[in-house]
Amino acid sequence: MPEILVQYEAEIWISIGETFTMVGVAILAAILLGLPVGTLLFLCRKGQILENRFVFSILNLFVNVIRSFPFLLLVVFLIPFTRLIIGTAIGTAAATVPLSIIAIAHYSRLVEQSLLDVPKGVLEAAVSMGASVKEVILKFLYVEARSGLILGLTTSIISFISYSTIMGVVGGGGIGDFAIRYGYQQFKTDLMIYMIIIMVILVQLIQFIGTTVSRISDKR
Amino acid sequence: MINLHNVSKNFSQYQAIKSISLSIKKGEIHGIIGASGAGKSTLLRLMNLLEIPDDGEVEVNGQKLTSLSTKELRQARKSIGMIFQHFNLVANKTVYDNVVVSLELAKFPKKVRRSRVMECLRFVGLESFIEKYPAQLSGGQKQRVAIARALANNPQVLLCDEPTSSLDPNTTAEILDVLENISRSFGVTIIIVSHEMEVIKSICNRVTVMADGEIYDTILIEPKRIQNIDNSPKYFVEQLTKDGVLDDA
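Line order of the protein sequences matches chains R and Y. Per the numbering used here, residue 1 is the first one in the first sequence, and the count goes up by one each step. Per the numbering used here, residue 1001 is the first one in the second sequence, and the count goes up by one each step.
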């Protein structure tokens, strides 16, 4: 192993841990909140079983507004909110708040798009069999859209990793922050390149897993 | 069995169904025929309230669907089976899972679900296909699975929306055989929407002819099966060349 990696091994592991924490919380937020929001966006559309212009407009506005922020500005803008929830605006825990907000907005849009690919007739058949809204979602919608939902989550996770690299501004740490502070600002270009390589491997791995699981789950 | 009373349905400005009254008796195989846009599919979809009428009453199995709560309507729909032109199977579920889902929705006792699914698949001749996915089946087989799914819950009524319109003539005849068999074996009331005269003539004993959102006429007929459908390449060539062929020189 190159000497410089050995020299900074402890710091590198810590920064990898920070990245995993931030991205992990963002993934949880995406699944626990982004999935329901995206499902509602879909079901509240015109002609769908929960058609509701008001709810659709509100959620649509939320997703668009959050996604139109340059992420760095969103992090700064959310500082009062973060302080309210976590008690501080600085550190890895605090960094998970803006990441979770963008995670919900990001994944919900991809969920909505995957659900739009489900043939309308399948949902119609479900309704004709007397399925409730919950049954339509769990027994038909998610089953038919599962490969798209998995691919969407994969894309989202990779974006979260990218977003997490700027969390140094609020002391969130992570691999990106480490690369900037030690690699770029202290002129250790080789260290910076090693960090980039770690990120590339991580993203490749996630994309490979996502694509494989999605393909296996797709019987269409 | 099914009574529509002054039912109307509008889509924005367009009047799809103009105050129709229609009565369908138990055990009938009732055809609805008409040109595209005549309102025949809409009329069928009003019978399980997939389309909510703007006016009038819909009564099925002695229940006034138009005055039920959402929950009661879901319950009522469980005894009204429906099949579609494009089958509408869940592509990510196996044949078995596609059929069993209708029993799950109906809270059918767990212990007897498997035997009921197998019984229905045997009825449509697909009991050896349980592990297959819809993508591995032909059009006719997909429609058989859809029929098994609609049948599983012992419906009183089976609504068929252009059930053979994406199938070839031989497969059409097979599906019509299955439907006729259902009518004969279980006394299920069947309503078939089709734009194909042959289909209607071969299976229905009463036919409603629709035009411009209204009933033009309702007539009793004697069903006559389509005989000897020839699908051989020899027959195709014969038909194509019987008036002579163009010289390609």
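Even glycine gets a Cβ: it sits at the ideal position worked out from N, Cα and C.
Nearest residue (CA-CA) to residue i, options the options
| i | options | result |
| --- | --- | --- |
| Leu1073/Y | Val1237/Y, Thr1094/Y and Asn1048/Y | Asn1048/Y |
| Glu3/R | Leu191/R, Glu112/R, Gln204/R and Ser156/R | Leu191/R |
| Pro1169/Y | Met1197/Y, Glu1214/Y and Lys1025/Y | Met1197/Y |
| Cys1204/Y | Ile1219/Y, Ile1215/Y, Arg1116/Y and Ser1021/Y | Ile1219/Y |
| Cys1120/Y | Leu1246/Y, Ile1033/Y and Asn1098/Y | Asn1098/Y |
| Val118/R | Gly183/R, Arg215/R, Val136/R and Met129/R | Val136/R |
| Val69/R | Ala93/R, Tyr163/R and Thr92/R | Note on identity: in this sequence residue 69/R is Phe, with Val being the wrong assignment. Ranking Ala93/R, Tyr163/R and Thr92/R by Cα distance to Phe69/R puts Tyr163/R first. |
| Gly24/R | Gly174/R, Ser57/R and Val6/R | Gly174/R |
| Ala1035/Y | Ile1215/Y, Thr1241/Y and Pro1223/Y | Ile1215/Y |
| Ile216/R | Asn1092/Y, Lys1111/Y and Ser1069/Y | Asn1092/Y |
| His1030/Y | Val1193/Y, Val1124/Y and Lys1071/Y | Val1193/Y |
| Asn64/R | Phe81/R, Leu205/R and Gly38/R | Gly38/R |
| Leu1159/Y | Val1095/Y, Phe1087/Y and Leu1240/Y | Phe1087/Y |
| Ser1138/Y | Val1117/Y, Lys1111/Y, Thr1171/Y and Ser1128/Y | Thr1171/Y |
| Pro1134/Y | Asp218/R, Val76/R and Lys120/R | Asp218/R |
| Gly130/R | Asp1217/Y, Leu1050/Y and Lys1025/Y | Leu1050/Y |
| Asn60/R | Leu202/R, Gly34/R and Ile85/R | Gly34/R |
Contacts of residue i in chain Y (Cβ-Cβ under 9 angstroms)
| i | result |
| --- | --- |
| Arg146/R | Asn1092 |
| Ser222/R | With chain R covering 1 to 220 only, the question about residue 222/R has no answer from this structure. |
Rounded C-alpha distance that separates residue i from residue j
| i | j | result |
| --- | --- | --- |
| Phe62/R | Phe42/R | 15 angstroms |
| Ala1038/Y | Asn1003/Y | 20 angstroms |
| Gln1075/Y | Ser132/R | 10 angstroms |
| Ala1152/Y | Arg220/R | 24 angstroms |
| Val169/R | Arg1113/Y | 58 angstroms |
| Ser1232/Y | Gly148/R | 42 angstroms |
| Ile161/R | Tyr142/R | 26 angstroms |
| Ala1016/Y | Ile1032/Y | 15 angstroms |
| Val1207/Y | Ile1221/Y | 7 angstroms |
| Leu1105/Y | Arg1077/Y | 11 angstroms |
| Leu1089/Y | Arg181/R | 55 angstroms |
| Ile31/R | Ile209/R | 17 angstroms |
| Thr1189/Y | Phe1236/Y | 37 angstroms |
| Gln7/R | Val200/R | 22 angstroms |
| Met1210/Y | Ile1083/Y | 21 angstroms |
| Leu74/R | Ser156/R | 17 angstroms |
Cutoff 8 angstroms; reference residue i; Cβ partners in own chain excluding five residues on either side
| i | result |
| --- | --- |
| Ile1175/Y | Gly1140, Gln1143, Arg1144, Ile1147, Pro1163, Thr1164 and Leu1167 |
| Ile196/R | Ala179 |
| Asn1006/Y | Ser1019, Ile1020, Ser1021, Asp1055, Gly1056 and Glu1057 |
| Ile226/R | The first residue shown for chain R is 1 and the last is 220, placing residue 226/R beyond what the model contains. |
| Arg67/R | Ile102, Ala105, His106 and Arg109 |
9 angstroms Cβ cut-off: residues of chain R touching residue i
| i | result |
| --- | --- |
| Arg1206/Y | Here the premise fails: no neighbours, minimum Cβ distance about 23 angstroms. |
| Met1082/Y | Glu124, Ala125, Ser128 and Met129 |
Residue-chain proximity (residue i, chain A), Cβ-Cβ < 8 angstroms
| i | result |
| --- | --- |
| Ala93/R | Going by chain labels, chain A is absent from the structure shown, which instead holds the protein chains R and Y. |
Residues that residue i contacts on chain Y, provided the C-beta gap is smaller than 7 angstroms
| i | result |
| --- | --- |
| Ser100/R | Result: empty, since nearest Cβ-Cβ is about 30 angstroms, beyond 7 angstroms. |
| Glu135/R | Leu1105 |
Interface partners of residue i on chain Y, CB under 8 angstroms
| i | result |
| --- | --- |
| Val55/R | Simply none; closest approach about 18 angstroms. |
| Val143/R | Val1090, Asn1092 and Lys1093 |
Assigned exposure category for residue i - 16 Cβ within 10 Å defines buried
| i | result |
| --- | --- |
| Thr1042/Y | buried |
| Arg1184/Y | exposed |
| Pro1155/Y | buried |
| Leu1103/Y | buried |
| Glu1238/Y | exposed |
| Asp1230/Y | exposed |
| Leu252/R | As displayed, chain R neither begins before 1 nor continues past 220, which places residue 252/R out of reach and without an answer. |
| Ser108/R | buried |
| Glu1131/Y | exposed |
| Thr88/R | exposed |
| Asn1181/Y | exposed |
| Ser15/R | buried |
| Arg1122/Y | exposed |
| Glu9/R | exposed |
| Ser57/R | exposed |
| Asp177/R | buried |
| Glu51/R | exposed |
| Gly1125/Y | exposed |
Contacts that residue i makes with chain R (C-beta to C-beta distance below 7 angstroms)
| i | result |
| --- | --- |
| Ser1135/Y | In the sequence under discussion, the amino acid at residue 1135/Y is Ala, which differs from the Ser named in the question. Those within 7 angstroms of Ala1135/Y in chain R are Lys219 and Arg220. |
| His1086/Y | Gly121 |
| Val1101/Y | Lys139 |
| Arg1077/Y | Ser128, Met129 and Gly130 |
| Asn1048/Y | Ser128 |
Neighbourhood of residue i by C-beta distance below 6 angstroms, restricted to the same chain and skipping five residues each side
| i | result |
| --- | --- |
| Val213/R | Ile150 |
| Thr21/R | Thr92 |
| Gly1213/Y | Gln1015, Ala1016, Ile1017, Lys1018 and Gly1039 |
Interface residues of chain R facing residue i [CB-CB closer than 8 angstroms]
| i | result |
| --- | --- |
| Asn1003/Y | Within chain R, no residue comes near Asn1003/Y; the closest Cβ sits about 19 angstroms away, beyond 8 angstroms. |
Residues near residue i in its chain [Cβ-Cβ closer than 7 angstroms; skip 5 each side]
| i | result |
| --- | --- |
| Gln207/R | Thr154 and Ile158 |
| Ala145/R | Ser114, Leu115, Asp117 and Val118 |
| Ala29/R | Ser100, Ala103 and Ile104 |
| Leu1068/Y | Ala1076 |
Residue i Cβ short of 7 angstroms to the ligand PLP heavy atom set
| i | result |
| --- | --- |
| Leu1049/Y | In the structure shown, the ligand PLP is absent, as is every other ligand, since no ligand is present at all. |
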